[in-house]
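Asker: Top to bottom, those sequences are chains H and L. Every number in the numbering used here is 871 more than the matching position in the first sequence, counting from 1. Every number in the numbering used here is 4 more than the matching position in the second sequence, counting from 1. In this text, a Cβ means the ideal position worked out from N, Cα and C, and glycines have one as well.
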Amino acid sequence: MQNEEPVLTVSNLQVSYDSDLIINDLSFTVAARDILIFLGPNGAGKTTLLRALQNLLPYEGTVSWNARKISYLPPHEFLQRQNLPPLNIEEFYAFKTSDSDAIKAMIAEVGLDESLLSHQFGELSTGQFQRMLIGWSLLDNPDVLILDEPTSGIDIGGEETIYSLLHKFWQNQNLTILLVTHDLNIVWEYATQVICLNKQQMCMGKPDEVLTPEQLKTLYGTGIKFYKHQHR
Amino acid sequence: MTAQIFLALILGGSIGAVAGYLGSLMLSKRMALMGGALGHLTLPGVALALLYDFDVSLGASLFLAFGVLIIWFLEQKTKLHLEALTAVVFSASLATAFLFLPEEETDIALLGDVSQISSNTVLITVVIVLGLFFTVKSIYSDMILASISPDLAQTSGINLKLSNSIYLICIAVTVALGVRIVGGLMTAALLAIPACTAKNISTNLSQYIIASTVAGSLACVLGIIIYAITDIPAGPLIIISSAILFLISLFKLPAK
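1) Given residue 989(H), which residues of its chain have a CB within under 7 angstroms of its CB, disregarding the five upstream and five downstream residues?
2) Is it the case that the Cβ atoms of residue 46(L) and residue 67(L) are separated by a distance below 8 angstroms?
3) Quick test of your reading: residue 925(H) and residue 159(L), contact by CB under 8 angstroms. State the CB separation rounded to the nearest angstrom.
4) Can you tell me where the alpha helix (DSSP H) holding residue 67(L) begins and where it ends?
5) State the beta-bridge partners of residue 1076(H) as determined by DSSP.
6) Applying a beta-carbon distance threshold of less than 7 angstroms, which residues of chain L neighbour residue 958(H)?
7) Considering Cα atoms alone, identify which of 238(L), 237(L), 220(L) is closest to residue 250(L).
8) With a cut-off of 8 angstroms, does the C-beta of residue 158(L) fall near any C-beta of chain H?
9) Less than 8 angstroms between C-beta atoms, sequence neighbours within five positions excluded: which residues of the same chain meet that for residue 247(L)?
10) By the 10 Å Cβ neighbour count, where 16 or more other Cβ atoms means buried, how is residue 914(H) classified, buried or exposed?
11) Measure the beta-carbon distance from residue 1070(H) to residue 895(H) and round it to whole angstroms, keeping in mind my assumption that it falls under 8 angstroms.
12) Span of the beta strand (DSSP E) holding residue 908(H)?
13) Say whether chain H places a C-beta atom closer than 8 angstroms to the C-beta of residue 212(L).
14) Going by beta carbon distance, what residues of the same chain come within less than 6 angstroms of residue 133(L), once the five residues before and after it are set aside?
15) Please state whether the Cβ-Cβ distance between residue 100(L) and residue 15(L) is less than 8 angstroms.
16) Taking 8 angstroms as the threshold (beta carbon to beta carbon), is residue 948(H) in contact with chain L?
17) Among 1033(H), 1085(H), 1044(H), which residue has its Cα nearest to the Cα of residue 997(H)?
18) Give every residue of the same chain whose Cβ lies closer than 6 angstroms to the Cβ of residue 232(L), excluding the five residues on either side of it in the sequence, and list them in chain order.
19) Whose C-beta lies closer than 8 angstroms to the C-beta of residue 256(L) among residues of the same chain, with five residues either side of it excluded?
20) Could you confirm whether any beta carbon from chain H is found closer than 8 angstroms to the beta carbon of residue 155(L)?
21) Using only alpha-carbon positions, find the residue among 152(L), 20(L), 11(L), 28(L) that is nearest to residue 199(L).
22) Quick one: grab the DSSP three-state call for residue 214(L).
23) Can a CB atom of chain L be found closer than 8 angstroms to the CB of residue 1071(H)?
24) Note the first and the last residue of the continuous beta strand (DSSP E) segment covering residue 931(H).
25) On a Cα-Cα basis, can you pick out the residue from 948(H), 939(H), 892(H), 973(H) that is closest to residue 156(L)?
26) Could you run through the stretch 176-210 of chain L and flag, in chain order, every residue whose CB is less than 9 angstroms away from some CB of chain H?
27) Of all the alpha helix (DSSP H) runs that stay within the bounds of the stretch 86-169 of chain L, which reach a length of 4 or more residues?
28) According to a CB-to-CB cut-off of less than 9 angstroms, which residues of the stretch 915-929 of chain H neighbour chain L?
29) In chain order, what residues of the same chain have a beta carbon less than 7 angstroms from the beta carbon of residue 887(H), not counting five sequence neighbours either side?
30) From the DSSP output, in three-state form, read off residue 883(H) for me.
31) What does the Cβ neighbour count give for residue 1007(H), buried or exposed, with the cut at 16 atoms within 10 Å?
32) Assign residue 945(H) to one of two classes, buried (16 or more other C-beta atoms within 10 Å of its C-beta) or exposed (fewer than that).
33) Would you tell me roughly how many angstroms separate the C-alpha atoms of residue 1079(H) and residue 1058(H), rounded to the nearest one?
34) Give the secondary structure of residue 872(H) by DSSP, where H, G and I count as helix, E and B as strand, and everything else as coil.
35) Less than 8 angstroms between the C-beta atoms of residue 982(H) and residue 1036(H), yes or no?
36) Tell me the residue span of the alpha helix (DSSP H) that contains residue 245(L).
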């Protein structure tokens, strides 16, 4: 059952860099417990949108949150992993909580071995690093989780692990998820809502209803073939 | 040991400790050379202090504040990077200092001097150092998180502009204190070398912070002890001691 009041209401959002208009007149709402996926080609303004929603960029229009705690994970390529002080994972988690039992429980929840807590940032594989970050982002029990391409650079097996993990947290906690991905399979499998974005809103709704081949061709500017399996 | 050396050891040990502690953050933000630029900025102030016989750290602080304001102003007015602007301003400061620095005082301005330290100076310095420790501690984890990702830090509720401002003020105050013991040319080493040493021997953040603080303090204490024995200026001896500690740390690099 969904709350009546949306978790997020965006009205007439407009974001520019210098004179370039990156997001033009975007309006949408996000209901509690939605998994909203932003879909669009490179340069469509997806990352800009996520940053503007969190007041990390100046914007025009209205962004109104009705959330207790929002956690954000930028693309992991944007996170500094080398040339840092010798920060280990336990110390990184301790930025959010001093409860070592909670830290151990979370590291187990994201499917990582407890021994990794003594490892440094640069010592984790990309897949481990991303799972570790998801655990970190959930440590203070947010009700909204925003992720920007959480599986870029991760192989197919690792990608499935990450999305299964996110889905598990979504099912078990009272989470609303906003997510940027290029992967249409993920949209079909997990999204409750999708927004097609290419500087402006091209579509919004349930994937089944709005992601037609024609819509995808308009969005990406090229023909995309996809196959919907009956066993989904 | 004379009273003067005893005072110098307390002064040097405390400044070295806080420089090492603060330097551990500069390394993570790749700002290790900023301390050097700021050190050069202090030189006109040190020259004036020597000329008119007032406290060198006070003179250094005044010119640091002035220089930082100029850099900030130019940053607002131009599209140049902070590093480029700092290079312009610190070179101009260095040149200005040499215009009116008394020749006989040049060594003191450039290499520092621990031979004439009053107990009042030590007391005030220790109080400032303690204040710096508490201030840096309050923003330490914020700054580490910001080094990983400014977006991650900001969305975790950290006021990054405030933390950065506090951090820069702490660097400026530490440089102003450091100029007294190592002069205007070597403050970058006072801040950067202990952190490099600590990184070589640490496997986690707690070890790193402690090792950087201890290495900074130990280098100053060793330098001042050698100065007491040899009468060679303490500034270069402190930096050489710090460099030797770094070389020793190379043999203790943790296994990858």
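Answerer: According to the data block:
1) 959, 961
2) yes
3) 5 angstroms
4) 60-81
5) 1065(H)
6) 148, 209
7) 220(L)
8) yes
9) 193, 197
10) exposed
11) 5 angstroms
12) 906-910
13) yes
14) 18, 22
15) no
16) no
17) 1033(H)
18) 9
19) 204, 205
20) yes
21) 28(L)
22) helix
23) no
24) 931-936
25) 948(H)
26) 199, 202, 203, 206, 207, 208, 209, 210
27) 86-104, 110-115, 123-152, 154-159
28) 922, 925, 926, 927
29) 893
30) strand
31) buried
32) buried
33) 10 angstroms
34) With a pLDDT of 47 at residue 872(H), under the threshold of 50, the predicted position of this residue should be treated as unreliable, though the coordinate-derived value follows. In this structure, residue 872(H) counts as coil in the three-state DSSP scheme.
35) yes
36) 238-254
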